[in-house]
Amino acid sequence: MPPYDPSAFPPFAVTVDLVVLTVRRHALCTLVVRRGEAPYQGRWALPGGFVREDEDLSGAAARELVEETGLCAHDPAAPPPVPSNGAHLEQLATYGAPDRDPRMRVVSVAHLALAPDLPAPRAGGDANSARWAPVEELLGEDVLAGTAEATGAAHGTGDAGNSGDAGGDEKEGGPAALAFDHARILADGVERARSKIEYSSLATAFCPPEFTVGELRRVYEAVWGVALDPRNFHRKVTGTPGFLVPAGGTTTRQGGRPAQLFRAGGATLLNPPMLRPEV
Numbered sequence: 023m024p025p026y027d028p029s030a031f032p033p034f035a036v037t038v039d040l041v042v043l044t045v046r047r048h049a050l051c052t053l054v055v056r057r058g059e060a061p062y063q064g065r066w067a068l069p070g071g072f073v074r075e076d077e078d079l080s081g082a083a084a085r086e087l088v089e090e091t092g093l094c095a096h097d098p099a100a101p102p103p104v105p106s107n108g109a110h111l112e113q114l115a116t117y118g119a120p121d122r123d124p125r126m127r128v129v130s131v132a133h134l135a136l137a138p139d140l141p142a143p144r145a146g147g148d149a150n151s152a153r154w155a156p157v158e159e160l161l162g163e164d165v166l167a168g169t170a171e172a173t174g175a176a177h178g179t180g181d182a183g184n185s186g187d188a189g190g191d192e193k194e195g196g197p198a199a200l201a202f203d204h205a206r207i208l209a210d211g212v213e214r215a216r217s218k219i220e221y222s223s224l225a226t227a228f229c230p231p232e233f234t235v236g237e238l239r240r241v242y243e244a245v246w247g248v249a250l251d252p253r254n255f256h257r258k259v260t261g262t263p264g265f266l267v268p269a270g271g272t273t274t275r276q277g278g279r280p281a282q283l284f285r286a287g288g289a290t291l292l293n294p295p296m297l298r299p300e301v
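Take the sequence shown: its letter number 84 is residue 106 in our numbering, and every next letter is one higher.
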């Protein structure tokens, strides 16, 4: 076997980017940070950072999640987390367009994190502010209803290039212009979440440990961007084996009559699935 010469190959960096989704005030929101350094200084971006020499990809993503949100990563192969500081974390996709980062060749392995309603975030690293932003605000209502490819085209992102001039900020009267190719990554993350809550119990990851059917319905409505019939939804989720189990109590936190509390059941796959309505 001939000797291997590392200098024969161009060096490149590896980063992790996080699409952290939660439901706040009945809207699907994601965590964004305003970049404090070049490139794209002043532009909103997804949280993330470079992978350290002594960590693997999942470890880097879990570290960034703790640093940005205080949440602990949860094994995606197990049922949704019960502790209030747990979050579902899974690998989303890899992005490696040659010019996606103007500093150098950077390959990003994006991860998707889902968690219940979270407190105001704190900025860290090279970010000077952080916030929960409605996904619709970042991607635009029309683009959000389409495909990830349409989002990439609308923002000048995707494998063909980056997301525009590094000196800009939000577009006047339009969606916020995210840094790098983060609009494409965010759209991919939203579509992953929309698809997975059809056939898995992942929607309960957006809920507290005990929740009502109405609260779960509002998760589906926020993620899918549609209104659902309350009675049909109640019949489907309570009739799906292993999806929900009674928690043994009721609550009036939504007002009106006491509503029964449920917990996530042991099922990870739903049979029959919760099919997304056509918009």
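All C-beta atoms, glycine included, are put in the ideal place defined by N, C-alpha and C. Predicted model only: the values in this text are computed from it and were never measured.
Beta-carbon proximity check, Leu334 vs Thr52, cutoff 8 Å: With the chain covering only 23 through 301, there is no way to say anything about residue 334.
Beta-carbon gap between Arg240 and Pro252 smaller than 8 Å: In the sequence shown, residue 240 corresponds to position 218, counting from 1. In the sequence shown, residue 252 corresponds to position 230, counting from 1. At the C-beta level, Arg240 and Pro252 stay beyond 8 Å of one another.
Gly287 and Phe265 closer than 8 Å at C-beta: Translated into positions along the sequence shown, residue 287 becomes position 265. Translated into positions along the sequence shown, residue 265 becomes position 243. Yes, these two residues count as a Cβ contact at 8 Å.
Spatial neighbours of Glu220 in its chain, beta-carbon cut-off 7 Å, leaving aside the 5 residues before and after: For the purposes of this step, residue 220 is taken as residue 198 along the sequence shown, with counting starting at 1. Close CB contacts of Glu220 within its chain, under the 7 Å cut and outside five residues either way in sequence, are with Pro295, Met296, Leu297 and Arg298 (chain order).
For Glu232 and Arg46, the rounded distance between their alpha carbons: Walking along the sequence shown from the start, residue 46 turns up at place 24. Walking along the sequence shown from the start, residue 232 turns up at place 210. Taken atom to atom, the span from the alpha-carbon of Arg46 to that of Glu232 is near 17 Å.
Length of the line joining the Cα atoms of Thr37 and Ala152: Mapped onto the sequence shown, residue 37 falls at position 15. Mapped onto the sequence shown, residue 152 falls at position 130. Taking the straight line from one Cα to the other gives about 19 Å.
Residues bridged to Pro268 [DSSP beta-bridge criterion]: Counted from its first residue, the sequence shown places residue 268 at position 246. Residue pairing by DSSP places Pro268 opposite Phe284 in a beta bridge.
Span separating the alpha-carbon of Ala119 from that of Val55: Within the sequence shown, numbered from 1, the residue matching residue 119 stands at position 97. Within the sequence shown, numbered from 1, the residue matching residue 55 stands at position 33. Each residue's Cα considered, the two are about 22 Å apart.
Continuous beta strand (DSSP E) stretch holding Val129: start and end: Here residue 129 refers to the residue found at position 107 when the sequence shown is read from its first residue. Element bounds for Val129: Val128 to Leu136.
Nearest residue (CA-CA) to Ala95, options Cys229, Asp121, Ala137 and Thr116: Within the sequence shown, residue 95 is the residue found at index 73, counting from 1. Cα-wise, what sits closest to Ala95 is Ala137.
For Ala115: DSSP bridge partner residues: Sequence index remark: in the sequence shown, residue 115 carries index 93 (1-based). Note: Ala115 sits in a beta bridge opposite Ala132.
Chain-order list of residues whose beta-carbon lies under 7 Å from that of Leu111 (same chain, five-residue window excluded): As a position in the sequence shown, residue 111 is number 89, starting the count at 1. Annotation for Leu111: Ala83, Ala84, Leu87, Ala95, His96, Pro98, His133 and Ala135 place their beta carbon closer than 7 Å to its own, counting only its chain and skipping 5 residues before and after.
Alpha carbon of Pro32 to alpha carbon of Leu93, nearest angstrom: Start at 1 with the first residue of the sequence shown, and residue 32 comes out as number 10. Start at 1 with the first residue of the sequence shown, and residue 93 comes out as number 71. Between Pro32 and Leu93, the C-alpha separation is close to 36 Å.
Environment of Asp203 [buried if 16+ CB atoms lie within 10 Å]: Within the sequence shown, residue 203 is the residue found at index 181, counting from 1. For Asp203, the number of other beta carbons within 10 angstroms of its own is at least 16, and it is reported as buried.
Cross-strand partners of Arg206 (DSSP beta bridge): Locating residue 206 in the sequence shown gives position 184, counting from the first residue. The partner list for Arg206 (beta bridge, DSSP) is empty, contrary to what the question assumes.
Leu224 - DSSP class collapsed to helix/strand/coil: Locating residue 224 in the sequence shown gives position 202, where the first residue counts as 1. Note: Leu224 maps to helix in three-state DSSP.
CB-CB length for Thr116 against Val128, believed under 8 Å: Counting from one through the sequence shown, the residue named residue 116 turns up at place 94. Counting from one through the sequence shown, the residue named residue 128 turns up at place 106. That belief does not hold up - the Cβ atoms of Thr116 and Val128 are roughly 11 Å apart, past 8 Å.
CB contact flag (Thr260, Leu292, <8 Å): Sequence index remark: in the sequence shown, residue 260 carries index 238 (1-based). Sequence index remark: in the sequence shown, residue 292 carries index 270 (1-based). Not a contact, by the Cβ cut-off of 8 Å.
Alpha carbon of His177 to alpha carbon of Ser222, nearest angstrom: For the purposes of this step, residue 177 is identified with residue 155 of the sequence shown, where counting begins at 1. For the purposes of this step, residue 222 is identified with residue 200 of the sequence shown, where counting begins at 1. Here His177 scores only 43 on pLDDT, less than 50, and its place in the model should not be relied on; the value that follows carries that caveat. The straight-line gap from Cα to Cα measures roughly 31 Å.
Endpoints, beta strand (DSSP E) assigned at Ala35: Mapped onto the sequence shown, residue 35 falls at position 13. Start and end: Ala35 to Arg46.
Limits of the unbroken beta strand (DSSP E) element including Leu50: One-based indexing of the sequence shown puts residue 50 at position 28. Taken as a continuous stretch (DSSP letters only), the beta strand (DSSP E) holding Leu50 covers Ala49 to Arg57.
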